[in-house]
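Participant: Provided herewith is a single structure, encoded as structure tokens, for subsequent inquiry.
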């Protein structure tokens, strides 16, 4: 990356940081709108930068730009939206975008597993708990953020630090673009990583060439012990969750008496 | 130029055409499923169903047996006032029915309709898409289906809708597990994730439909499909006697119609899935024209007709069950899932793995014997372990005398 | 698209956004949602690196990550329900008297 690109990237990070700071709950409505506008323009800047950087490589670069923009927008909304249900739903958007990115990278099994496990099970559980715990919409908890300035500073400095190193990645070299396979093999050898699984080799796997079969074969041969441990972990979590919730706990704070039936609709503000 | 491009992309063009046809036929099928439901309900209850609305009065007072009813219903839904109540969460209120309908439709992309067809030089798949992960795709799309119900229930800002949403979440999460187990049995038996390959694996020499190989898994899938589409006896999310209308209480006009249509679209998708997994898809043994080698265009049409006929039979079964069986109570529903279906599914998985280990996953005589043994074992265990009868009057604690207004439902 | 850099940048952005959310939000459920966003960033990176080295280790690790996420969600949500029952609020600061 040229130094101009890097400088622009850092400026976009700064813009994004300001956007998240403004959009975090607790500010005025106008500040939130300004945050949204700043955030959108930062994402658009990224998209333009990435499109200029990747233009001419492949059609998939366009897909990458769109999906990445959706994922970042969704993530921003997850952490800034004042209503937890919306946070959860925007997270579904992030999961879908990331799943399509996985499919784009020929990791179909992982993409669909992300959708089934995250969007289909974990997020439904989140929504379930949110519905159980917050029946009347946003509460005072979500009205303000905790140390927003420091959090944004820490987060975005981390981001910039990682990205400044990403500039030195070997994938960035022009050799990659010209002859990806040869460059990859050379780089892999240079890194001391054994260059396993040449593209043609995958079809010789005993279980056929599909991505699911390959990942399954790897999991059940090389990582079989880890897989068993993972299963055990799931069982432990199941037992633990049941044991946690089955227990009757004393209430520290008395529950406010419920309003008479006729006034429930008036007492509860609209969402 | 365009002609050459089309010839190069024959499968793509064919898939697009097929998608159009399938979506059109399916929307029509959904409309007429509703009419069939009303007819069969009337037949079960010994009364007359809708038989008035015809298309036009061509032959005096001949009404075409009420076949115009779905169109009249659709027109009525469009013309009704679309009310969005003040207290609802408006974006989610609109997103709910949209989500549930989209999810019900996109599941259709991977259903194989009729093997392969020869058009010109090209041998084309009669399937919109044939990904490596067809079966997982159906599972993934199906697992998103719960969002429509949950959003509708949550956004309505109504206690009854809310209960409907809560019930739907718990029910669908619970029944997805036995459904996954039943599907896994098929995957273990056939070793395939492509739906087309699963269909083909049921029609080779000496092969039988999967329902003969694994009848218990088929039963498991049927039960969970009823629960996933929240049809009676599992229609707890909308139980109208308890919850008014459940998650769709606050909806009106076309938004309500979307919920209503999505239920039937889900049923059709589920039926197609069941037919592909267990009943040989478009295949009927020994009938010429319905074998994998037949690739003429008329064979394709015949296969699609057979598939549609099988789906229609399954729909009739759905409707028949709805007007025959009463609704389960919610604790019974949960007990059935966790203490009945999940252990059964685990037993079936263990058995299918054993068959795979001895190298005969498709030997249908042995799998059938194994299924009988598993069923007998489960029934024996059920008979030996005494289970407590719950929900009777004498089980309940004495109610305190009612003095003030009842406390509101749904505290933490 | 074989270049690695865009994926790493996307992963870093998702990770950092999740971190900001975890540090600054007060609602326990949203805090856990933010950690899930961080997981997404890590998954993007794992798969991108796996593809870069043309092997499947990255995808295998991501599967384990899914397991961890499921375990975490189950336990964390159980805990949240428990804490909510005690104090009737989801505010993380309601429990600040527990430190030291």
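Protein chains in written order, with the working numbering: chain A, 1 to 271; chain B, 272 to 683; chain C, 684 to 783.
Just so you know, even glycine gets a beta-carbon here, dropped at the ideal spot from N, CA and C.
1. Judging by CA-CA distance, which residue of 18/A, 238/A and 63/A is the nearest neighbour of residue 154/A?
2. Span of the alpha helix (DSSP H) holding residue 723/C?
3. Does any residue of chain A have a CB that is nearer than 8 angstroms to the CB of residue 779/C?
4. For chain C, check one thing: does any of its Cβ atoms lie closer than 8 angstroms to the Cβ of residue 91/A?
5. Taking the alpha-carbon positions, what's the residue 158/A to residue 699/C distance?
6. Buried or exposed: which applies to residue 403/B, given that a residue is buried once 16 or more other Cβ atoms fall within 10 Å of its Cβ?
7. At the 8 angstroms Cβ level, is residue 225/A part of the contact set with chain C, yes or no?
8. Taking the C-alpha atoms as reference points, what is the distance between residue 476/B and residue 633/B?
9. Which chain C residues are close to residue 94/A, counting only those with a beta carbon under 7 angstroms from its beta carbon?
10. Taking all protein chains shown into account, do 16 or more other C-beta atoms lie within 10 angstroms of the C-beta of residue 705/C, making it buried, or fewer, making it exposed?
11. Kindly provide the ranges of any alpha helix (DSSP H) runs that are 4 or more residues long and lie completely inside the segment 476-558 of chain B, ordered along the chain.
12. Enumerate in chain order the residues of its own chain whose CB-to-CB distance from residue 547/B is below 8 angstroms, with the five nearest sequence positions on each side excluded.
13. Straight-line CA distance for residue 243/A to residue 765/C?
14. Is DSSP giving residue 671/B helix, strand or coil here?
15. Using the beta-carbon of each residue, which ones in chain C are nearer than 8 angstroms to residue 126/A?
16. Using beta-carbon positions only, say whether residue 431/B and residue 514/B come within less than 8 angstroms of one another.
17. Using a cut-off of 9 angstroms between C-beta atoms, extract the partners of residue 131/A located in chain B.
18. For residue 230/A, return the contacting residues in chain C, with the cut-off set at a CB-CB distance below 7 angstroms.
19. Starting from the N-terminal side, write out each stretch of the beta strand (DSSP E) that is 3 residues or longer and does not extend beyond the segment 370-395 of chain B.
20. Closest to residue 376/B by CA distance: which of 422/B, 299/B and 489/B is it?
21. Do residue 228/B and residue 456/B have their C-beta atoms closer together than 8 angstroms?
22. From residue 540/B to residue 400/B, what does the alpha carbon distance come to, in whole angstroms?
23. Is the segment 686-700 of chain C touching the segment 59-73 of chain A, taking contact as three or more C-beta pairs under 8 angstroms?
24. By the criterion of Cβ-Cβ separation under 7 angstroms, what are the contact partners of residue 411/B in chain A?
25. What first and last residue would you give for the alpha helix (DSSP H) that runs through residue 620/B?
26. Using three-state DSSP, classify residue 774/C as helix, strand or coil.
27. Return helix, strand or coil for residue 463/B, following the three-state DSSP convention.
28. Secondary structure at residue 229/A, three-state DSSP: helix, strand or coil?
29. Using the beta-carbon of each residue, which ones in chain B are nearer than 9 angstroms to residue 210/A?
30. Please classify residue 511/B as buried or exposed, where buried requires at least 16 neighbouring CB atoms within 10 angstroms.
31. At a CB-CB cut-off below 7 angstroms, which residues of chain A make contact with residue 408/B?
32. Closest Cβ-Cβ distance between residue 5/A and chain C: below 8 angstroms?
33. Give a yes or no on whether 8 angstroms exceeds the smallest Cβ distance from residue 108/A to chain B.
34. Quick one: which unbroken alpha helix (DSSP H) runs of 4-plus residues sit fully inside the segment 64-132 of chain A? Chain order, please.
35. Determine the extent of the alpha helix (DSSP H) in which residue 602/B is found, giving its start and end residues.
36. Answer with yes or no whether the minimum CB distance from residue 154/A to chain B is below 8 angstroms.
Facilitator: Reading from the atomic positions:
1. The shortest C-alpha separation from residue 154/A is found at 18/A.
2. Counting along the chain, the unbroken alpha helix (DSSP H) around residue 723/C starts and ends at 711-735.
3. No, its Cβ sits nowhere closer than 8 angstroms to a Cβ of chain A.
4. Yes - at least one Cβ of chain C is within 8 angstroms of the one on residue 91/A.
5. When rounded, the distance between both Cα atoms is 7 angstroms.
6. Residue 403/B should be labelled buried.
7. For residue 225/A, the answer is no, since every Cβ of chain C falls outside 8 angstroms of its Cβ.
8. Spanning the two alpha carbons is a distance of roughly 12 angstroms.
9. Contact annotation for residue 94/A against chain C: 720 and 723 [CB-CB distance below 7 angstroms, chain order].
10. Flag for residue 705/C reads buried.
11. Listed in chain order, the complete alpha helix (DSSP H) runs (minimum 4 residues) inside the segment 476-558 of chain B are 481-484, 486-499, 511-514 and 524-549.
12. Within the same chain, Cβ atoms closer than 8 angstroms to the Cβ of residue 547/B are found at 382, 383, 466, 469 and 470, the five residues on either side in sequence being excluded.
13. The alpha-carbon separation between residue 243/A and residue 765/C amounts to approximately 11 angstroms.
14. Coil.
15. Residues of chain C passing the Cβ test: 712, 715, 716, 756 and 760.
16. Closer than 8 angstroms, so yes.
17. By Cβ distance, chain B contributes 421, 424, 425, 433, 436, 437 and 440.
18. Here the neighbours are 747 and 750.
19. Complete beta strand (DSSP E) runs here, min 3: 387-390.
20. Minimum Cα-Cα distance from residue 376/B among the listed residues 422/B, 299/B and 489/B corresponds to 299/B.
21. An answer regarding residue 228/B cannot be provided, because it is not within the stretch 272 to 683 covered by chain B.
22. Their Cα atoms are separated by approximately 15 angstroms.
23. The segment 686-700 of chain C, when compared against the segment 59-73 of chain A, does touch it at the 8 angstroms Cβ threshold.
24. Those are 112, 115, 116 and 120, listed as they occur along chain A.
25. For residue 620/B, the uninterrupted alpha helix (DSSP H) segment begins and ends at 613-628.
26. Residue 774/C: strand per DSSP, three-state reduction.
27. Here residue 463/B sits in coil by DSSP.
28. In the structure shown, residue 229/A sits in a helix (DSSP, three-state: H, G or I).
29. Those within 9 angstroms of residue 210/A in chain B are 403, 404, 464 and 465.
30. So residue 511/B ends up on the exposed side.
31. Below the 7 angstroms Cβ cutoff, chain A contributes 112 as neighbours of residue 408/B, in chain order.
32. Under the 8 angstroms criterion on CB atoms, residue 5/A is classed as non-interfacial with respect to chain C.
33. Chain B contact via Cβ: present.
34. DSSP runs (the alpha helix (DSSP H)) wholly in the segment 64-132 of chain A: 84-104 and 108-114.
35. Where residue 602/B is concerned, the enclosing alpha helix (DSSP H) stretches over 601-606.
36. By this cut-off, residue 154/A is not an interface position.
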